[in-house]
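Engineer: First to last, the sequence lines map onto chains G and B.
Under my numbering, residues 1 to 331 are what the first sequence spells out, in order.
Under my numbering, residues 332 to 662 are what the second sequence spells out, in order.
C-beta: ideal position from N, C-alpha, C; glycine also.
There are 2 protein chains.
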Amino acid sequence: MSVATASRALSGARPVSGDLQRKVREASRSLGYRRNAVASALRLQRTETVGLVLPRYTTFFLSALIESVSDGLERNDMSLVLRYSEPDAVHDRDNVESLIARRVDGIIICPPSLEASRESIEAAGAVPIVQVGRFVETDQSDSVGLDEDRATGMLIAHLIAQETRSLVIVGLDETVTADARRIRALRAAAESAQVEVSVAEVTPAVLEGGIRAGERIAARAVRSEGAGTGRASWGGPDAIVCANDDVASGVLAVLRMRGVGVPEAVQVASLLDLAPAAPGDRTITSLRHPWPEMGREAVRLLIDAGARPGDRVARRVSLAPQLVPGASTRR
Amino acid sequence: MSVATASRALSGARPVSGDLQRKVREASRSLGYRRNAVASALRLQRTETVGLVLPRYTTFFLSALIESVSDGLERNDMSLVLRYSEPDAVHDRDNVESLIARRVDGIIICPPSLEASRESIEAAGAVPIVQVGRFVETDQSDSVGLDEDRATGMLIAHLIAQETRSLVIVGLDETVTADARRIRALRAAAESAQVEVSVAEVTPAVLEGGIRAGERIAARAVRSEGAGTGRASWGGPDAIVCANDDVASGVLAVLRMRGVGVPEAVQVASLLDLAPAAPGDRTITSLRHPWPEMGREAVRLLIDAGARPGDRVARRVSLAPQLVPGASTRR
DNA sequence: CCCATTCTTGCAATCGATTACCAAAGGAGA
DNA sequence: TCTCCTTTGGTAATCGATTGCAAGAATGGG
């Protein structure tokens, strides 16, 4: 029989008589035949492959993103080619070029440099490309981003009650663009509720820093001795917002040691949930950044773009971090 | 001119006259020509691609491994195709099969299941495969592993001085195979130095657990009041070995709050360095697991295996975690 | 100026899967 | 029985890069 028949029997592209069908299946199994995806890709002009370009930061977020993208692709029987960029655009562009040489069906990129990555993205040409996490302004690509300001507002709303008068921000660095923006958003939300805001910078934003900051805050808080764990005996701020869970853990450890009631006397929250989505009861109220959802959404956009070639309307999806209430805040 | 000439001009496989050379280069640039890696792979029977199969744990280690593998491949102008396995062998095998269908030049796998992953590995057939991090016994594959026992010995040697009499292990769970092995190794090393060992189990092995364990230990340690931070005033163990940095951080936070001198009164160390290789002064003495090196080594083995086809001698490389002294131990 | 040698270049086949097109065979209806 | 349609199988072209072979061009020695 001809290869054409065999191909049809295996792919089912056109009917093949039951007899031959069976024979082909059998022979294929007994000979250990495996469809050659390379040849198929060449013929079909489709590799069933997507490239993912990430900046070389070793963080939990990126692994969450990789996993969710990988997962989304797998559901569509596609593969993931991964590449890392140093924070320079040249490297970045090389990665995109190389993916295109491999004829990926689409590219998902987390642009390492906001200024310089534009040309990398434009290098994609006709290949669908989705930016994720950060944006370079361009109409060449769809994008999936975070709506942090909204989430910040939700967090503040959650924290603030009648008696809330003061709030300290721990671990954000005003000289970092992204942090400055978060500080602005927190300020705006808090001050519109008559809450006084101050910033305690700590670098780097890790556990140790949280401990140091916690000690400074506790030291300043004049506290009537032995008055229990309530608000009356605590002269510190009414709320502490930390850059991330690590910092918050440090702050909490200090407060706990000193017998300061959390959340009765102070509420503590984190802007960034570092641990993988832990189920059940959380200790720290925090904003969970929806990386898994972002990955899924990026894949969806890409596959959708592949289905409608020529449609060049750039789509933008914004996902808000989700408020996950824990034991460190009231309500 | 013919495509053959153009191909030769660009690849330099065979000499082409200077004139044509220039013309081809020029035309290639102006037409935005990009070599089709798919066609090339089909013809050369080489995809310049390696598959990486990982279990779906979101941990720092795996991202470190991904990065180093990716980096090693990039240096050889190869690409990385990434796939995750659930902790079942079926899925795992599917991944290997799918990579083979894509005609990867080699596979690096961290077998999710020690019992069941054998057939996945054997499914690789003639494709070079390297196991990394864990082993399934088979002579089909090279492997790169950890030599934890050796590192444990080094850590104990580092901790133990004349006066060391007792040691507490925090955060290892005797019912977990890998943990039990670590406990055995610690016991063996410590007891041969006349040090008494006890185990304080904590699950899960995170910061909170460290804090709880620290408090239990401190509560049991009868301490003469106001006697300073030295060993004389501390009735607890001479050394505390924690499952990882998180747990150690918790323990340290507690000790610090209680004014217990570290490392004068107690030494604290961690068996597992969670943070990305932080440069400079470390707080916690710990064992750094050499994931970057393991990734590099795996790539090296793979490329080497590709260069010597037919050579079926399984090679095994063991790397010992590296002792990184910090401020939490003496010496 | 001729022949041998070296360089360039082109032709055509190859990698493996897919599919447009054609042909043969079988069945239905007139 | 004959025509028309449907079903099934084969032939050959295609995707794009690479390369063995051979023809043609250029160079050098005698």
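I want to see whether chain G comes within less than 9 Å of L411/B, judged by CB atoms only; does it?
Structural biologist: In the second sequence, residue 411/B corresponds to position 80, counting from 1. Yes - at least one Cβ of chain G is within 9 Å of the one on L411/B.
Engineer: What residues in the segment 288-301 of chain G bring their beta carbon closer than 9 Å to a beta carbon of chain B?
Structural biologist: Within the segment 288-301 of chain G, no residue qualifies.
Engineer: E522/B and D504/B - do their beta-carbons sit closer together than 9 Å?
Structural biologist: Counted from its first residue, the second sequence places residue 504/B at position 173. Counted from its first residue, the second sequence places residue 522/B at position 191. Not a contact, by the Cβ cut-off of 9 Å.
Engineer: Determine the DSSP secondary structure at A335/G, reduced to helix, strand or coil.
Structural biologist: Absent from the model: residue 335/G. The displayed extent of chain G is 1 to 331, so no value can be given.
Engineer: Which whole-angstrom value is the C-beta distance of S249/G and G210/G, which I expect to be below 8 Å?
Structural biologist: Walking along the first sequence from the start, residue 249/G turns up at place 249. Walking along the first sequence from the start, residue 210/G turns up at place 210. S249/G to G210/G, Cβ: 6 Å. Contact.
Engineer: Does any CB atom of chain B fall closer than 9 Å to the CB of E122/G?
Structural biologist: Position 122 of the first sequence, counted from the first residue, corresponds to residue 122/G. Chain B, which has no Cβ nearer than 9 Å to the Cβ of E122/G, makes this no.
Engineer: In this structure, does DSSP put D642/B in helix, strand or coil?
Structural biologist: Along the second sequence, one-based indexing puts residue 642/B at 311. Residue state, collapsed to three classes: coil.
Engineer: Looking at L385/B and L396/B, is the spacing between their C-beta atoms short of 9 Å?
Structural biologist: Numbered from its first residue, the second sequence carries residue 396/B at position 65. Numbered from its first residue, the second sequence carries residue 385/B at position 54. Result yes, Cβ atoms of L396/B and L385/B sit closer than 9 Å.
Engineer: Using DSSP with H/G/I as helix, E/B as strand and the rest coil, what is S21/G?
Structural biologist: As a working note, residue 21/G is residue 21 in the first sequence. According to the sequence displayed, residue 21/G carries Gln and not Ser. Residue state, collapsed to three classes: helix.
Engineer: As a quick exercise: from A455/B, V381/B, G476/B and D577/B, pick the residue whose alpha carbon is nearest that of G464/B.
Structural biologist: By one-based count along the second sequence, residue 464/B stands at place 133. Measuring from the Cα of G464/B, the nearest candidate turns out to be G476/B.
Engineer: Using the beta-carbon count (16 or more within 10 Å), is L287/G buried or exposed?
Structural biologist: In the first sequence, the residue the question calls residue 287/G occupies position 287. So L287/G ends up on the buried side.
Engineer: In whole angstroms, what is the alpha-carbon distance linking T483/B and R331/G?
Structural biologist: On the second sequence, residue 483/B is found 152 positions in, with the first residue counted as 1. On the first sequence, residue 331/G is found 331 positions in, with the first residue counted as 1. The straight-line gap from Cα to Cα measures roughly 46 Å.
Engineer: If we cut at 9 Å on Cβ distances, does D402/B have a partner in chain G?
Structural biologist: For the purposes of this step, residue 402/B is taken as residue 71 along the second sequence, with counting starting at 1. Yes, D402/B counts as interfacial toward chain G.
Engineer: Quick check on the DSSP output: the alpha helix (DSSP H) that includes L82/G runs from which residue to which?
Structural biologist: Along the first sequence, one-based indexing puts residue 82/G at 82. Careful: L82/G lies outside any alpha helix (DSSP H), inside the beta strand (DSSP E) at S79 to S85.
Engineer: Taking E628/B as the reference, give the member of L351/B, G403/B and V334/B with the closest Cα.
Structural biologist: Taking the second sequence and counting its residues from 1, the one referred to as residue 628/B is at position 297. Looking at the Cα atoms, G403/B is the closest of the given residues.
Engineer: Should A205/G and T164/G be called a contact, given that it needs their Cβ atoms to be closer than 9 Å?
Structural biologist: The sequence position of residue 205/G within the first sequence is 205, counting from 1. The sequence position of residue 164/G within the first sequence is 164, counting from 1. The answer is no: Cβ separation not under 9 Å.
Engineer: State yes or no: is the C-beta of V81/G within less than 9 Å of the C-beta of V130/G?
Structural biologist: Here residue 81/G corresponds to residue number 81 of the first sequence, with the count starting at 1. Here residue 130/G corresponds to residue number 130 of the first sequence, with the count starting at 1. Not closer than 9 Å, so no.
Engineer: What residue range is occupied by the uninterrupted beta strand (DSSP E) comprising I491/B?
Structural biologist: Within the second sequence, the letter at position 160 stands for residue 491/B. Note, I491/B: premise wrong, no beta strand (DSSP E); not H, not E.
Engineer: By a C-beta neighbour count over all protein chains shown, 10 Å radius and 16 as the cutoff for buried, is N575/B buried or exposed?
Structural biologist: Position 244 of the second sequence, counted from the first residue, corresponds to residue 575/B. Per the 10 Å Cβ criterion, buried.
Engineer: Count the other CB atoms, across all protein chains shown, that sit within 10 Å of the CB of M1/G; report buried if there are 16 or more and exposed otherwise.
Structural biologist: Translated into positions along the first sequence, residue 1/G becomes position 1. Classification of M1/G: exposed, given that the 10 Å Cβ count is below 16.
Engineer: Let me know the secondary structure DSSP gives E119/G once reduced to three states.
Structural biologist: Along the first sequence, one-based indexing puts residue 119/G at 119. Note: E119/G maps to helix in three-state DSSP.
Engineer: My parser needs the beta strand (DSSP E) runs of 3 or more residues fully inside the segment 164-232 of chain G; what are they?
Structural biologist: Runs found: 166-170 and 196-200.
Engineer: Please classify I107/G: does DSSP put it in a helix, a strand, or coil?
Structural biologist: On the first sequence, position 107 is the one that residue 107/G refers to. Strand, per DSSP.
Engineer: Any Cβ of chain B within less than 9 Å of the Cβ of V90/G?
Structural biologist: One-based indexing of the first sequence puts residue 90/G at position 90. Judged by the 9 Å Cβ criterion, V90/G is not in contact with chain B.
Engineer: State yes or no: is the C-beta of L490/B within less than 9 Å of the C-beta of T660/B?
Structural biologist: What you label residue 490/B is simply residue 159 of the second sequence in a count that begins at 1. What you label residue 660/B is simply residue 329 of the second sequence in a count that begins at 1. It is a contact, given that the beta carbons lie within the stated cut-off.
Engineer: Which same chain residues, not among the five before or five after R22/G, have their C-beta less than 8 Å away from its C-beta?
Structural biologist: For this step, residue 22/G is matched to residue 22 along the first sequence. So the list is empty, once near-sequence residues are dropped.
Engineer: Restricting to Cα atoms, I'd like to know which of R231/G, P237/G and R212/G is closest to E196/G.
Structural biologist: Locating residue 196/G in the first sequence gives position 196, counting from the first residue. With distances taken between Cα atoms, E196/G lies closest to P237/G.
Engineer: Determine whether the beta carbon atoms of P443/B and F466/B lie at a separation below 9 Å.
Structural biologist: As a working mapping, residue 443/B is identified with position 112 in the second sequence. As a working mapping, residue 466/B is identified with position 135 in the second sequence. In this structure, F466/B does not lie closer than 9 Å to P443/B by Cβ.
Engineer: Would you mind reading off the limits of the beta strand (DSSP E) that contains G51/G?
Structural biologist: As a working mapping, residue 51/G is identified with position 51 in the first sequence. Note, G51/G: beta strand (DSSP E), T49 to P55.
Engineer: Which chain B residues are close to I100/G, counting only those with a beta carbon under 7 Å from its beta carbon?
Structural biologist: Your numbering for residue 100/G matches position 100 in the first sequence. Those within 7 Å of I100/G in chain B are R365.
Engineer: I'd like to confirm the pairing. Which residues does DSSP put opposite R619/B in its beta bridges?
Structural biologist: On the second sequence, position 288 is the one that residue 619/B refers to. For R619/B, which the question treats as bridged, DSSP gives the partners Q653/B.
Engineer: Between R216/G and L255/G, what straight-line distance do the alpha-carbon atoms span, to the nearest angstrom?
Structural biologist: On the first sequence, position 216 is the one that residue 216/G refers to. On the first sequence, position 255 is the one that residue 255/G refers to. Distance between the alpha carbons of R216/G and L255/G: 11 Å.
Engineer: On a Cα-Cα basis, can you pick out the residue from D510/B, D635/B and S564/B that is closest to V644/B?
Structural biologist: Reading the second sequence from its first residue, position 313 is the one you call residue 644/B. When only C-alpha atoms are compared, the closest one is D635/B.
Engineer: So the alpha helix (DSSP H) V251/G belongs to, where does it begin and stop?
Structural biologist: Numbered from its first residue, the first sequence carries residue 251/G at position 251. Element bounds for V251/G: D245 to M257.
Engineer: Look up G476/B in the DSSP assignment and say whether it is helix, strand or coil.
Structural biologist: One-based indexing of the second sequence puts residue 476/B at position 145. The answer is strand: DSSP assigns G476/B an E or B state.
Engineer: Contact defined as beta carbons within less than 8 Å: I believe V24/G pairs with L10/G. What is the distance between those atoms, to the nearest angstrom?
Structural biologist: Mapped onto the first sequence, residue 24/G falls at position 24. Mapped onto the first sequence, residue 10/G falls at position 10. Indeed they touch by this definition, with Cβ atoms about 6 Å apart.
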